[in-house]
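For reference, the structure discussed in these notes is given below.
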Amino acid sequence: MYIHSITSLTAPELTPLSLLEKEYRWGERNHKIFSRFHKMQSASLFTHETLPDLVFELLQKLRAECDPGLFRQIRYVAWAHSLHAASPFDRMDSQYGAFQTFFGDQQIEFFSATQASCASGLVGLQYLQAKMRAAQQNKSSGNTDSQNQASVCGVLITGEKCFHRTVQYVDQNGYFGEAFCATLVGMTPSPHSLHLRALHIQQLGAYGTRMRETDRESENAYDHAFLPVMSETIQKALECAGRRPKELDAVLPYHISPVTFDRLADRTGFSREIVFRHNLYTLGHCFCSDAFLNIKSLLACRDNSVRAQCILALASGVAGTFGAMVLESDNKDIL
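What follows is the structure in C-alpha cells.
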C-alpha cells in the first residue's frame, strides 16, 4: 500500500502551557513534569469548532490539495478515533447524502475504527488495505462489477476533540491536542508517494479488561509491559520490512512522554538522534493523528540534513494496543 498525500488541520494559534494549566487545573506537580522534564510548550486546540465541522473542513482542504485523478478514485472513507463513538457517521441519515455528493460517488463506503484507542489509526490503515486489496483481487479475477476497482483509493481521517476531563491530560505523561489528518492511500504508487512496507500491531492479554476499567494493579502491569512489548512490536515490523534498526533514517513518535522514545532507541538499537521531535512538544497528543502529522511534517522539512528513506512510525493505545509501521521513500532527500 502507498500513502499518496496527507492533509492536516491544526489550530491557527497554539495554546501555551500556562493557559492549559489554568484551564485543566492539573496541579503544580504535573506542570513541573510537563514543562521541565518533558519540555512541553503548547497544544493545538479549537475553542469553538465542533467535531463534525472540523472533519468536513478537513475534507474540503483534502479536495483542494489532492490530485483530482486520485480524488475521483476514493471509494472508502474511515475515521479512526480513540473514543468509542461512531460520530459523525452515526448520523448518516442526515449526512450520508452530503458525503456522497462531496465525493461524487453514490456507492462510497464509510466506517469507523475505534477499538485500539490511539493506535486505531494503524488499525484503520490495515482495514483500508484489506478493502483495496480485495478490490484488486476482484479485478484480477475478471469480476465485471469491479472493472474500475483496481486503482481505488481510501481516505483515513484521524483526530478528535478534548471535550471531557478524561481526555485532556494524563498524569505525569502529557496532555491531548486537537489536530486532524486526512491520509490518502492506494495500492499503486504515485509521484512522491510513500511505500508502506510493513505494519505490525499487537495487544496485551489484559486488553479486554482495560477496555472496561483500570485499577492500580492493571496500571502497574501495563507500565511494566510497555517497553518490552513496544520493543517487540518495533522489531517485528522491521523484520517484516527486511530492515535493521540501524537502517532507519527517522523514527516518528506519538506525543506522550517524550523520554519514552529515548528508552526505546536504547532498547531496540536505533539512534536517539533520528527521533523526529518537530511536533512532540507543541501540538499535544492528538489521539490517532500523531503519526500522520509527523509524516507530513517530515516530508515538508526543508532542512537538507534530513534524509529519510526508511521511516518508522509508532502508535500506542491506552487499553494495551501497540503499533509500528515502516515506510520507505524513493527520494534520497525529503524536502
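The opening residue of the sequence shown carries number 0 in numbering that gives the first Met the number 0; numbering runs sequentially from there.
From the three backbone atoms N, C-alpha and C, an ideal C-beta is built for every residue, glycine too.
Because the structure is a prediction, the values reported are computed rather than measured.
Specify, as a first and last residue, the run of the beta strand (DSSP E) that residue i falls within.
i    : result
L279 : Unbroken run through L279: none, as it is neither H nor E.
Q201 : L193 to Q202
S315 : C309 to G316
R71  : Segment: none, R71 is in no beta strand (DSSP E) and carries neither H nor E.
G26  : Element bounds for G26: not the beta strand (DSSP E) but the alpha helix (DSSP H), G26 to K31.
E327 : T320 to E327
F110 : E108 to A112
F179 : F179 to G185
L251 : A249 to L251
C152 : C152 to T157
I343 : Only positions 0 to 334 of the chain appear in this structure, which leaves residue 343 out of reach.
For residue i and residue j, what's the separation of their Cα atoms in angstroms?
i    : j    : result
E218 : V169 : 13 Å
G322 : T187 : 23 Å
L311 : H3   : 17 Å
S328 : V250 : 14 Å
Q299 : L292 : A small fix is needed here, since residue 299 is Ala in this sequence, not Gln. In a straight line, the C-alpha of A299 is about 11 Å away from that of L292.
L336 : R266 : Outside the modelled stretch of the chain, which goes from 0 to 334, sits residue 336, for which no answer is possible.
V317 : C117 : 7 Å
D214 : A220 : 10 Å
P252 : N137 : 37 Å
V76  : E27  : 42 Å
Q125 : F109 : 15 Å
Tell me whether residue i is buried or exposed, calling it buried when 16 or more other Cβ atoms sit within 10 Å of its Cβ.
i    : result
G185 : buried
T6   : buried
P227 : exposed
G96  : exposed
A63  : exposed
Need the endpoints of the alpha helix (DSSP H) that residue i sits in, please.
i    : result
L263 : V258 to T267
E238 : R215 to A240
Y23  : L16 to Y23
A299 : D289 to A299
L61  : L50 to E64
Sorted by chain position, which residues of the same chain lie with C-beta nearer than 6 Å to residue i's C-beta, five sequence neighbours on each side aside?
i    : result
V151 : Q72, R74, M131 and A134
S189 : H3
P257 : H37 and L279
Please go through the same chain and pick out, in chain order, the residues whose beta-carbon is closer than 7 Å to the beta-carbon of residue i, but skip the five residues on each side of it.
i    : result
A240 : R196, A197 and V325
W335 : Given that the chain is displayed from residue 0 to residue 334, the structure contains no residue 335 and the question cannot be resolved.
P13  : One detail in the question is off: residue 13 reads as Leu in this sequence, not Pro. So the qualifying residues of the chain are S41, A42, S43 and T281.
L121 : L198, I200, A314, G322 and M324
Would a C-beta distance cut-off of 8 Å place residue i and residue j closer than the cut-off?
i    : j    : result
G173 : S288 : no
I233 : L263 : yes
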